[in-house]
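Enquirer: In UniProt numbering, the protein residues as written are 1 to 493. By construction, the Cβ of each residue, glycine as well, lies at the ideal position given by its N, Cα and C atoms.
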């Protein structure tokens, strides 16, 4: 259980930190040596801030929230793998050391607590909305997690593989069509639709989805544009208090509120339609969950799965295509591996393909920060941290740290094949889906759709990136390209 003080601190932390360090696609845990130490959180170094606003002015001068990942990375260079900073009045402890990050998960407790997006929590309270597993805590969260884990993270996952195929085939045809008409393609819109189409196919199962596809196209298309609007309006609220924005009904809040209301209604309506008209023979995720939850619970859980899939997987795929398009030797090696096993549908044997996705997620994790709030006092990185401490794991920094990865900015899928003294540190440093009890419930879905989609694209096309300058990464709720990436797809003969 969490004491009242921890709950109070968590509430404050949510309000002040969520807009910066939230989002979110089990491995063995290892912890730091348990040497006895008298060092406390007060001994953790870091920049001094002003009362109430902390170091917010420094962040603004450094480029504001779109540059937050670089701002924190520079702090780590200045203060080391652990430092303390208050963006607002609540001190947050930032950690980039791989073993220390893993140690955080060993102390997350039975009911891990993470920071939630302030805009969403404000909306949920004002509209009395009960949300899915991402927003749940305590016994409620554990109950639904225990239902979902065996289906989405364990056992035979071939049904997920099969469910991806209709959406991937559709994406390939769209790329062919647009490539014939335009000199380059802006993939963002196509990938939003692709991501949502895969989720709907997974909900129904591939055969049910193929039968219903034509009737669902307009709904998926509308939902795709609606979710993009939610994403855009959310990012505009990152530097202001959403409680004040909602109280005084400023235009940014009203735009966000309208987009979220539309998204939630359209998703709930879609899920209810799928349940009533298209779920057959216990197939797909909905078929597997039916009978384990009430209809209302199913709608809540699945709605958040759909909302979470929209931008995270779409941008992960875009970053992967960007890296492959900029590194043609890697692209040819990937194509050769895929063609060697084509027809066998043996995704498990495509080691270089898996490593390419892993390498892309290392360089461009869509969630550059992971968060936990300590339920009990614990020793982290040699410091005694009290219950309620807000811990921010800087996985963007960890994934680009030369102490963890040789030549860290180089896109090298082969680095994951090495079995040397640094290989374990690499695995500890790159955790884009988090680990532990509250790791990403959609990890297997995301990995499968990224791998299968990249494989099919490379079978059909040669991918080039036409941007003359390197495309930077900026933070708008998730890590997105700083400018439109111009993709050119040449059909392979």
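Leaving out five residues before and five after residue 27 in sequence, what residues of the same chain have Cβ atoms less than 7 Å from its Cβ?
Expert: Bear in mind that the predicted position of residue 27 carries a pLDDT of just 33, short of 50, making it unreliable; the figure below should be weighed with that in mind. Answer for residue 27: 435, listed in chain order.
Enquirer: Ignore the nearest five residues each way along the sequence and tell me which others in residue 41's own chain have a CB closer than 8 Å to its CB.
Expert: Around residue 41: 84, 91, 93, 383, 384, 385, 386, 389.
Enquirer: Mind checking who residue 503 pairs with in its DSSP beta bridge?
Expert: Any answer about residue 503 is impossible in this case: the structure gives the chain only from 1 up to 493.
Enquirer: Between residue 117 and residue 476, is the Cβ-Cβ spacing less than 8 Å?
Expert: Cβ atoms of residue 117 and residue 476: not closer than 8 Å.
Enquirer: Which residue marks the beginning of the alpha helix (DSSP H) containing residue 381, and which one marks its end?
Expert: Neither: residue 381 is in no alpha helix (DSSP H) and is coded neither H nor E.
Enquirer: Would you call the stretch 396 to 407 in contact with the stretch 358 to 374, where contact means no fewer than 3 C-beta pairs closer than 8 Å?
Expert: In short, these stretches touch, since the Cβ pair count reaches three.
Enquirer: Just to confirm the assignment: which complete alpha helix (DSSP H) runs, minimum length 4, are found wholly within the stretch 405 to 443?
Expert: Correct list: 423 to 429.
Enquirer: Considering residue 329, what are the terminal residues of the beta strand (DSSP E) in which it resides?
Expert: Here residue 329 belongs to no beta strand (DSSP E); instead the alpha helix (DSSP H) covers 328 to 341.
Enquirer: By a C-beta neighbour count over all protein chains shown, 10 Å radius and 16 as the cutoff for buried, is residue 489 buried or exposed?
Expert: Result: buried.
Enquirer: Would you tell me roughly how many angstroms separate the C-alpha atoms of residue 16 and residue 189, rounded to the nearest one?
Expert: Its pLDDT being 43, under 50, residue 16 is placed unreliably in this model, and the value from its coordinates should be taken loosely. Distance between the alpha carbons of residue 16 and residue 189: 32 Å.
Enquirer: Are residue 358 and residue 161 closer than 8 Å when you measure CB to CB?
Expert: Not in contact: residue 358 and residue 161 (Cβ atoms no closer than 8 Å).
Enquirer: Can you tell me whether DSSP reads residue 35 as helix, strand or coil?
Expert: Per-residue confidence for residue 35 stands at a pLDDT of 44, beneath the threshold of 50, marking its modelled position as unreliable; no derived number is given.
Enquirer: Using CA coordinates, which residue listed in 124, 221, 50, 394 is at the minimum distance from residue 256?
Expert: Here the closest residue by C-alpha is 124.
Enquirer: Whole angstroms is fine: what's the gap from residue 309's alpha carbon to residue 38's?
Expert: Answer to the nearest angstrom: the Cα atoms are 44 Å apart.
Enquirer: Starting from residue 178, follow the alpha helix (DSSP H) in both directions and report where the run begins and ends.
Expert: Its alpha helix (DSSP H) spans residues 158 to 181.
Enquirer: For a test of the three-state rule: what should DSSP assign to residue 296, helix, strand or coil?
Expert: Residue 296 falls in the helix class under three-state DSSP.
Enquirer: Three-state secondary structure (DSSP) at residue 491?
Expert: Three-state DSSP puts residue 491 in a strand.
Enquirer: Name, in chain order, the residues that DSSP records as bridge partners for residue 392.
Expert: BP columns for residue 392 point to 94, 371.
Enquirer: Between the alpha carbons of residue 492 and residue 320, how many angstroms are there, rounded?
Expert: Rounded to whole angstroms, residue 492 to residue 320 spans 19 Å at the Cα level.
Enquirer: Pairs of beta-carbons, one from the stretch 299 to 313 and one from the stretch 127 to 135, closer than 8 Å: are there three or more?
Expert: In short, these stretches touch, since the Cβ pair count reaches three.
Enquirer: Would you decide whether residue 205 is buried or exposed? Buried here means 16 or more other CB atoms lie within 10 Å of its CB.
Expert: So residue 205 counts as buried.
Enquirer: Rounded to whole angstroms, what's the CA-CA distance from residue 283 to residue 263? Just pull it up for me.
Expert: Residue 283 and residue 263: Cα-Cα distance of roughly 26 Å.
Enquirer: Within its chain, find whatever has a CB closer than 8 Å to the CB of residue 164; leave out the 5 residues flanking it on each side and keep chain order.
Expert: Closer than 8 Å at Cβ, skipping near neighbours: 198, 201, 202, 448, 449, 452, 453.
Enquirer: In the DSSP assignment, find the alpha helix (DSSP H) that holds residue 469 and state where it starts and stops.
Expert: Looking at the DSSP string, residue 469 is not in any alpha helix (DSSP H), and its letter there is neither H nor E.
Enquirer: Determine whether the Cβ of residue 387 lies closer than 8 Å to any Cβ atom of chain C.
Expert: In summary, chain C is missing from the structure at hand, where a single protein chain is found.
Enquirer: Tell me, to the nearest whole angstrom, how far the beta carbon of residue 87 is from that of residue 54; I am working on the premise that it is less than 8 Å.
Expert: That pair is a contact at about 5 Å.
Enquirer: Given a cut-off of 8 Å on the beta-carbon distance, is the pair residue 279 and residue 306 in contact?
Expert: It is not a contact, given that the beta carbons lie outside the stated cut-off.
Enquirer: Could you spell out the range, first to last residue, of the alpha helix (DSSP H) harbouring residue 42?
Expert: Per DSSP, residue 42 belongs to no alpha helix (DSSP H) and is neither H nor E.
Enquirer: Looking at residue 326 and residue 352, is the spacing between their C-beta atoms short of 8 Å?
Expert: No, Cβ-Cβ distance for residue 352 and residue 326 is not below 8 Å.
Enquirer: DSSP state of residue 462, grouped into three classes?
Expert: If DSSP states are grouped into helix, strand and coil, residue 462 belongs with the strands.
Enquirer: In angstroms, rounded to a whole number, what distance separates the CA positions of residue 3 and residue 376?
Expert: Legend: pLDDT at residue 3 = 44, less than 50; position of this residue unreliable, no value from coordinates given.
Enquirer: Report the three-state DSSP secondary structure of residue 153 (helix, strand or coil).
Expert: Coil, per DSSP.
Enquirer: With a threshold of 16 other CB atoms inside 10 Å of the CB of residue 265, please say whether the residue is buried or exposed.
Expert: Per the 10 Å Cβ criterion, exposed.
Enquirer: Taking the DSSP output, what are the residues bridged to residue 85?
Expert: Paired residues: 92.
Enquirer: Out of 479, 446, 99, 239, point me to the one whose CA is closest to residue 61's CA.
Expert: The residue with the shortest Cα to Cα distance from residue 61 is 239.
Enquirer: Can you list, in chain order, the residues of its chain with a C-beta nearer than 7 Å to that of residue 122? Leave out the 5 residues immediately preceding and following it.
Expert: Answer for residue 122: 242, 243, 246, listed in chain order.
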